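Participant: Dumping the structure here so I can ask a few things about it.
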Amino acid sequence: MNEMEMLARMGRQLDQEAPPTLGRQRQRQRLLEAAGSPRRHRAIRIPRWGVPATAGLAAAAVATAVGVATVGTGSGSPARTPVRLDSASVTLTHAAQVVSLRTAITPRPHQWIYTKTVEYGTGSDGHHRVDEEWSRFDSRAEAYFDGGRFIVHKKSGESGIDSPQGAYTVLSSLPTDPRALLDKLSSLSGRFDKLPGDSGLDQNQLLYSRMVQLLRNAQITAPPRIQAAVYRAMATLPDVRIDRDIVDGVGRHVIGVHYGSRGGRRLLLDPKTYQVVGEETVWGGKPTAAEIEMAKTKHLNLNLPAGTVTSGLATEKVAVVDKPGQR
Amino acid sequence: MSAAEVASRPEQRSDAEVIAESQDEPEAFAALFDRHWATLHRYVVRRLGPDVAEDLVGDAFLVAFERRDRFDTGRADARPWLFGILTKLISRHRRSEAARYRMMERSSHETTAEEPADQVASTVSAVAVRPALARALAGLRAGDRDVLLLAGWADLSYEEISVALNIPVGTVRSRLHRARRKMRAALGDNNPLLVGEMAS
């Protein structure tokens, strides 16, 4: 039994120990009263969330979502970098050509993938957090530092889509023709992470999300010809967009790839190698509940232009090594 | 709630459709309450205990109702959105949450006579690790704990947690890995219930 199963069991026990719920109907009534007279209930404690809807925000909301990108470094006012929209298909087709020429990196099962990541932005408690981990390619072990102690932990060897080997296996099974690749991806539904409301997403968005999952998880082990095909397939999706000349939270110039135009999440690519080097969530101009709450506790300035990065993860280094602890 | 449960609901409209309808007919929003109350309530009881859970979930629905125009109707399922609101409300109770875990860390468990015999053994072993789990939960950074519990107690996927907390999926993954390591460390290297460690 692993720690997640123990945690789940603890949760079920806490359910059993809890007294029966008596106030459900009262809470439902509160909601119905609010629904009947929404203005009246704004006097309760919740509306503090509505305060940041200021003129500044309204101005930010009318700016185009990709007009300006600001990279949140987590310290004070972030640096602003101009962004222009480029043709996504041109960039992704070029990316496909570049990656198809690189040398394939296929680790042996007992080799390790070393990853060093940096978490940044307003969602990381205001400062960067560096994390190093070693994951054995056959998914039988992982290693990490815990409070100065180096730990190597055995794992089951199951390689789901979340593991480098699992993603590598799926990628290796894909055809190199972009159309055929998308068709194959449609048929592999059971293997991917559940999306919020899969049925409500359009098919292209779903396919895009699956491609991102595969590239993110396979990292440098993605077979070059397939990775190129994935970029070509992305280039065929009409709503895939590119942000050029942006700077990530660790100061690197990168290219952002995202779906649709409303802020949200973007994948970061190295502008020379077109390898995946990070991910970010981007301010779309309208604050989410989470962002407003953060503004209250983390002194985040909500009068930011659309395009501001609220949270990011930079992959600083990925390497195949023979032993855990090697970098 | 599993996908199968969603599919078998007598109510066939998606959450997004309910929310869309509530723009013109606010009372329609009650359908969202009926669908998700139990799931959200159970989650808060686990984290904060029964005393504050009812009011807090009630508040979450009021916030959701006020902000329903901001729901991304491209997403049929409102759970990640609701859990995102809930998580922020829970964050105001950080101290009492930590106190609850510390209390669990100290308390012992007595099995009841009604429990079937074959369940007693597993209950005992589960309860034996509860203090360690509780200690680990109390010691996690808030952001890591949110991700761990949305995965472990709310059964949200990486993608869903990413939407709920508005962070990249890679960050969800990285925080979850970190939190799981802390849990394992707290459970002890020699815990027979865990897969063991190798010498490095």
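Protein sequences, first through last, are from chains A and B. Count the first sequence with the working numbering and you get residues 1 to 327, in order. Count the second sequence with the working numbering and you get residues 328 to 527, in order. Backbone N, C-alpha and C fix where the C-beta goes; we use that ideal spot for every residue, glycine too. Quick caveat: nothing in here was measured; it's all calculated off a predicted structure.
1) For A/Ala88, decide whether its Cβ has a neighbour in chain B, counting only Cβ atoms nearer than 8 Å.
2) What are the uninterrupted segments assigned as alpha helix (DSSP H) that are 4 or more residues long and contained completely in the segment 119-173 of chain A, given in chain order?
3) Are the Cβ atoms of B/Gly385 and A/Gln27 separated by less than 8 Å?
4) Using the Cβ count rule (16 or more neighbours within 10 Å means buried), how would you classify B/Ala440?
5) Going by the beta-carbon positions, is the gap between A/Glu340 and A/Lys116 smaller than 8 Å?
6) Which word fits A/Val71, buried or exposed, when buried means at least 16 other C-beta atoms lie within 10 angstroms of its C-beta?
7) Could you tell me the alpha carbon to alpha carbon distance between A/His128 and B/Gly376, rounded to whole angstroms?
8) By DSSP, does A/Thr308 sit in helix, in strand, or in coil?
9) Using only alpha-carbon positions, find the residue among B/Ala512, B/Val490, B/Arg395 and B/Arg511 that is nearest to B/Gly411.
10) Return the chain-ordered list of same chain residues with a C-beta closer than 6 Å to the C-beta of A/Gln165, the five sequence neighbours on each side being excluded.
11) Note down, in chain order, each residue of its chain lying with its Cβ closer than 7 Å to the Cβ of B/Ile488, except the 5 sequence neighbours on either side.
12) Strictly under 8 Å for the Cβ-Cβ distance: is B/Phe360 near chain A by that measure?
13) Look at A/Leu269 and A/Leu237 and say whether their C-beta atoms are less than 8 Å apart.
14) Mind listing the chain B neighbours of A/His258? Cutoff is C-beta to C-beta under 8 Å, in chain order.
15) Measuring CB to CB, does A/Thr221 end up less than 8 Å from A/Tyr144?
16) For A/His127, decide whether its Cβ has a neighbour in chain B, counting only Cβ atoms nearer than 8 Å.
17) If we count the other Cβ atoms within 10 Å of its Cβ and call it buried at 16 or more, is A/Gly50 buried or exposed?
18) Do B/Ser349 and B/Phe356 have their C-beta atoms within less than 8 Å of each other?
19) For chain A, is any of its Cβ atoms less than 8 Å away from the one on B/Gly515?
20) Ignore the nearest five residues each way along the sequence and tell me which others in A/Val321's own chain have a CB closer than 6 Å to its CB.
21) Spell out whether any CB of chain B is found under 8 Å from the CB atom of A/His153.
22) Counting only Cβ-Cβ distances shorter than 7 Å, please list the residues of the segment 359-390 of chain B near chain A, keeping chain order.
23) If we count the other Cβ atoms within 10 Å of its Cβ and call it buried at 16 or more, is A/Met6 buried or exposed?
24) When you compare each of B/Arg511, B/Arg419, B/Ile494 and B/Ala403 to B/Ala343 by their alpha carbons, which one comes out closest?
25) In whole angstroms, what is the alpha-carbon distance linking B/Arg397 and A/Gly284?
26) In terms of residues, what are the limits of the alpha helix (DSSP H) holding B/Tyr428?
27) What are the residues that DSSP puts in a beta bridge with A/Tyr259?
28) Who are the neighbours of A/Gly148 on chain B, taking C-beta pairs under 7 Å?
29) Look at A/Val152 and A/Pro324 and say whether their C-beta atoms are less than 8 Å apart.
30) Kindly indicate which residue of A/Gly147, A/Asp177, A/Asn204 and A/Leu195 has the alpha-carbon position closest to the one of A/Arg225.
31) For A/His253, is the classification buried or exposed, using 16 other Cβ atoms within 10 angstroms of its Cβ as the cut-off for buried?
32) Identify the continuous alpha helix (DSSP H) that holds A/Thr273 and give its terminal residues.
33) Pick helix, strand or coil for B/Trp364, following the three-state DSSP scheme.
34) How long is the line joining the alpha carbons of A/Thr21 and A/Asp15, rounded to whole angstroms?
35) Can you grab the Cα-Cα spacing for the pair B/Val345 / B/Val372, in whole Å?
36) So A/Gly11 is in the alpha helix (DSSP H); what residue range does that whole segment cover?
Facilitator: For this structure:
1) The residue you call residue 88 of chain A lines up with position 88 of the first sequence. False, the Cβ-Cβ gap to chain B never drops below 8 Å.
2) If you keep only unbroken alpha helix (DSSP H) runs of at least 4 residues inside the segment 119-173 of chain A, you get 164-172.
3) The sequence position of residue 385 of chain B within the second sequence is 58, counting from 1. The sequence position of residue 27 of chain A within the first sequence is 27, counting from 1. Result yes, Cβ atoms of B/Gly385 and A/Gln27 sit closer than 8 Å.
4) The sequence position of residue 440 of chain B within the second sequence is 113, counting from 1. Caution is warranted here: a pLDDT of 43 is assigned to B/Ala440, below 50, making its placement in the model unreliable, and no coordinate value can be reported.
5) No information on residue 340 of chain A is available, as it lies outside the stretch 1 to 327 that chain A covers here.
6) Here residue 71 of chain A refers to the residue found at position 71 when the first sequence is read from its first residue. Because A/Val71 carries a pLDDT of 36, less than 50, the predicted location of this residue cannot be relied on, and the following value inherits that uncertainty. Classification of A/Val71: buried, given that the 10 Å Cβ count is 16 or more.
7) Within the first sequence, numbered from 1, the residue matching residue 128 of chain A stands at position 128. Within the second sequence, numbered from 1, the residue matching residue 376 of chain B stands at position 49. It is roughly 33 Å from the alpha-carbon of A/His128 to the alpha-carbon of B/Gly376.
8) In the first sequence, the residue the question calls residue 308 of chain A occupies position 308. In this structure, DSSP gives A/Thr308 an extended state, which the three-state scheme calls strand.
9) The residue labelled residue 411 of chain B in the question sits at position 84 within the second sequence. Closest in C-alpha terms to B/Gly411, from the list B/Ala512, B/Val490, B/Arg395 and B/Arg511, comes B/Val490.
10) Along the first sequence, one-based indexing puts residue 165 of chain A at 165. Phe137, Ser139 and Ser159, listed in sequence order.
11) Here the question's residue 488 of chain B lines up with position 161 in the second sequence. Result list for B/Ile488: Val474, Leu477, Ala478 and Val499, in chain order.
12) Taking the second sequence and counting its residues from 1, the one referred to as residue 360 of chain B is at position 33. B/Phe360 counts as touching chain A.
13) One-based indexing of the first sequence puts residue 269 of chain A at position 269. One-based indexing of the first sequence puts residue 237 of chain A at position 237. A/Leu237 is positioned such that its CB atom lies no closer than 8 Å to that of A/Leu269.
14) As a working mapping, residue 258 of chain A is identified with position 258 in the first sequence. The CB of A/His258 never comes closer than 8 Å to any CB in chain B; the least such distance is about 11 Å.
15) Your numbering for residue 221 of chain A matches position 221 in the first sequence. Your numbering for residue 144 of chain A matches position 144 in the first sequence. Going by C-beta atoms, A/Thr221 is not nearer than 8 Å to A/Tyr144.
16) On the first sequence, residue 127 of chain A is found 127 positions in, with the first residue counted as 1. Cβ-Cβ to chain B under 8 Å: no for A/His127.
17) Sequence index remark: in the first sequence, residue 50 of chain A carries index 50 (1-based). Reliability fails at A/Gly50, whose pLDDT of 31 lies under 50, so the model's placement of it is uncertain and the value that follows must be treated cautiously. By the 10 Å Cβ count, A/Gly50 comes out exposed.
18) For the purposes of this step, residue 349 of chain B is identified with residue 22 of the second sequence, where counting begins at 1. For the purposes of this step, residue 356 of chain B is identified with residue 29 of the second sequence, where counting begins at 1. Contact flag set, yes.
19) Against the second sequence, residue 515 of chain B aligns to sequence position 188. Chain A, which has no Cβ nearer than 8 Å to the Cβ of B/Gly515, makes this no.
20) In the first sequence, residue 321 of chain A corresponds to position 321, counting from 1. Cβ within range, chain order: Trp112 and Tyr114.
21) Along the first sequence, read from residue 1 onward, the residue named residue 153 of chain A stands at position 153. For A/His153, the nearest CB of chain B lies under 8 Å from its own CB, placing it at the interface with that chain.
22) Result list: Phe360, Trp364, His368, Arg369, Val372, Arg373, Pro377, Glu381, Val384, Gly385, Asp386, Phe388, Leu389 and Val390.
23) As a working note, residue 6 of chain A is residue 6 in the first sequence. Counting Cβ neighbours within 10 Å, A/Met6 comes out buried, since at least 16 surround it.
24) Within the second sequence, the letter at position 16 stands for residue 343 of chain B. When C-alpha distances from B/Ala343 are compared across B/Arg511, B/Arg419, B/Ile494 and B/Ala403, the shortest belongs to B/Ala403.
25) Numbered from its first residue, the second sequence carries residue 397 of chain B at position 70. Numbered from its first residue, the first sequence carries residue 284 of chain A at position 284. The straight-line gap separating the alpha-carbon atoms of B/Arg397 and A/Gly284 is approximately 12 Å.
26) Working through the second sequence from its first residue, we reach residue 428 of chain B at position 101. For B/Tyr428, the enclosing alpha helix (DSSP H) starts and ends at Arg421 to Arg433.
27) Numbered from its first residue, the first sequence carries residue 259 of chain A at position 259. Its beta-bridge partners are A/Val240.
28) Walking along the first sequence from the start, residue 148 of chain A turns up at place 148. Result: empty, since nearest Cβ-Cβ is about 12 Å, beyond 7 Å.
29) The residue you call residue 152 of chain A lines up with position 152 of the first sequence. The residue you call residue 324 of chain A lines up with position 324 of the first sequence. Result yes, Cβ atoms of A/Val152 and A/Pro324 sit closer than 8 Å.
30) Position 225 of the first sequence, counting from 1, holds the residue named residue 225 of chain A. With distances taken between Cα atoms, A/Arg225 lies closest to A/Asp177.
31) Position 253 of the first sequence holds residue 253 of chain A. Per the 10 Å Cβ criterion, exposed.
32) In the first sequence, the residue the question calls residue 273 of chain A occupies position 273. Note, A/Thr273: premise wrong, no alpha helix (DSSP H); not H, not E.
33) Taking the second sequence and counting its residues from 1, the one referred to as residue 364 of chain B is at position 37. B/Trp364: helix per DSSP, three-state reduction.
34) The residue given as residue 21 of chain A occupies position 21 in the first sequence. The residue given as residue 15 of chain A occupies position 15 in the first sequence. A/Thr21 and A/Asp15 have their C-alpha atoms roughly 11 Å apart.
35) Looking up residue 345 of chain B in the second sequence gives position 18. Looking up residue 372 of chain B in the second sequence gives position 45. In this model, B/Val345 and B/Val372 are separated by some 26 Å (Cα to Cα).
36) Residue numbering aside, residue 11 of chain A sits at position 11 when the first sequence is read from its first letter. Its alpha helix (DSSP H) spans residues Glu3 to Glu17.
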